[in-house]
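A short write-up of the structure that comes next.
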Amino acid sequence: MKLRRIRKAAPALIAAAVVQAAATAVSAQGYPIDAAGLAGASGGSTVRVDLAAGGATQQLSLPRGKSAVVELPVDVRDILVTNPAVADAVLRTPRRIYVLGMNSGQTDAVLFDAAGRRILSLNIRVDADAGALTETINRVIPGARVKVESISDSVILTGMVQNAIDADRAAQIAARYVSKPEQVLNMISVAGKDQVMLKVRIVEVQRSVVKQLGVNLEAVLQTGSGAITFSQAANFSVNGLLPGGGLIGGNHADNGDTVKGALRAFERVGLARTLAEPNLTSVSGEPARFLAGGEYPIPVNQDERGSVTVQYKPFGVGLAFTPVVMSGGRIALKVSTEISELTTQGAFTVGGGGSGGTNTTLTIPALTVRRAETSVELPSGGSMMIAGLLQQTTKQNLDSLPGIGSVPVLGALFRSRDYLQGDTEMVVLVTAYIVDPNNPSAFQTPADGLRFANDAESVLFGKLNKTVNAPPGANAGRSWQGPIGYVIE
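Throughout the sequence shown, residue numbering follows mature numbering (1 follows the signal peptide of the UniProt record, and there is no 0), covering -28 to -1, 1 to 461 in sequence.
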């Protein structure tokens, strides 16, 4: 703790305007005193203190870089300031004291008379200049009604602005008045918050072609006291030996000599289509998340007793976004969308020894992920393609017997071919709408118009449900009202 005793005035620090206020305090001995403006004195104010009896303790709040004048009815001989780095006190005349806020913080100033008796104790708190910050925010941001309160090194923003962008701008301005942005507590309300619905459409089409052609040969030639063995197997190293396809073979035996041959041919064409359309609604400026899928366990630890600790990783269709409605009905979006599914490609297998001579293995599946994260700006009802992918993969492998495999025509019997081609095309589209609540009767759900078939309809006609003109009292009583995006057949 730093102690500073001041006996003489410093004329260079004198600069204050006179502002009158009134308050009531209690002396340290319990005697009432009248203090004008001590609590919450603003920069350049004059505080006049009437001491009824004994010493007193009072609060004095100052903006950083501002001053206050304290006038007393008795002469002051000494001033003791515990931390001059926070506030400085100057004795201009025996009955007039100038207090200057230096830096944010708290300190004490004790006033003594000529006999060494305490006249007054000031608990001085220096905060950021809330008045100047309030004036700046309300002047720079049109239509803003923001109030600023300072507490030590932090500021609190309250009031009302037109949209979330203005609230963020007010916080950015306040961050310039403090040493760290974390010292700004933004509690500003947004007038008439808009709600934004985001529709995301993820479409992916995959086409794959697999072709395999190979010959298996095996021959045994007797040489009197021995035999010569020849063997060639088709090795499909790209796709592996796939089930299915055609196999044509034959064998020949003559005096102990045997020849076996088999021709394997395989072709597969595949087409896959993935469509996901997650929709999500959020208030302007607030984040929202959506996941339709599941979670699969991943072992992360095993203790001495063999107990396994698992963590769960989500998969499925996920959507997260933060909308901000700006002027002119435009919408700024931070979007993150993802489609993930379990796959054996890239899976991890763990094997271990079990009790009683048994072995256990654990296969942890991998994930196939399509993910996009970006920031865009759209008008209400506008769409934009935020991501796209066009990928073509071709793999081909020829396995042959050296020398013979290079012979035209005949060499085909000693070669095997493995071929893979994959084409993938994917697009991600987003559409944003500014929406308002509506009457429940204006909405449709997948259960509207659905009625399950009774026993006779199920047994005689093989029906499970009816989807139109459900009678009153059924589990969904409204008929279809146009296309809503769901099909139940």
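All residues carry an ideal CB built from backbone N, CA and C; glycine is no exception. Keep in mind the model is a prediction, meaning the values are calculated, not measured.
Here the alpha carbons of residue 85 and residue 50 stand approximately 7 Å from one another.
Relative to the Cα of residue 95, the nearest Cα in the group 73, 30, 286 belongs to 30. A contact between stretches requires three or more CB pairs, one per stretch, nearer than 8 Å, and the segment 177 to 193 fails this requirement with the segment 417 to 427. When the five nearest sequence neighbours on each side are left out, the beta carbons in the same chain lying within less than 7 Å of the beta carbon of residue 373 are those of 204, 386, in order along the chain. Spatial neighbours of residue 78 in its own chain (CB-CB distance under 6 Å, excluding positions within 5 residues in sequence) are listed in chain order as 97. Judged by DSSP in its simplified three-state form, residue 108 adopts helix. Going by DSSP, residue 432 is part of the alpha helix (DSSP H) stretching over 427 to 433. For residue 301, the secondary structure class from DSSP, reduced to helix, strand or coil, is helix. Distance from the CA of residue 425 to the CA of residue 412, rounded to the nearest whole angstrom, comes to 27 Å. For residue 233, the three-state secondary structure derived from DSSP is strand. Residue 141: not part of any beta strand (DSSP E); member of the alpha helix (DSSP H) spanning 136 to 147, first to last residue.
Residue pairing for residue 49: DSSP places it in no beta bridge. Non-local C-beta neighbours of residue 343 in its own chain, meaning closer than 6 Å and more than five positions away in sequence, comprise 310, ordered along the chain. Rounded to the nearest whole angstrom, the C-alpha separation of residue 198 and residue 230 is 14 Å. Sequence-distant Cβ neighbours of residue 261 in its own chain, meaning closer than 6 Å and more than five residues away, are 292. Rounded to whole angstroms, the Cβ separation of residue 157 and residue 128 is 5 Å, and the two are in contact under 8 Å. Nearest C-alpha to residue 28 among 81, 60, 65: 81. Sequence-distant Cβ neighbours of residue 68 in its own chain, meaning closer than 6 Å and more than five residues away, are 43. Its Cα nearest to that of residue 252, the residue 167 stands out among 167, 224, 298.
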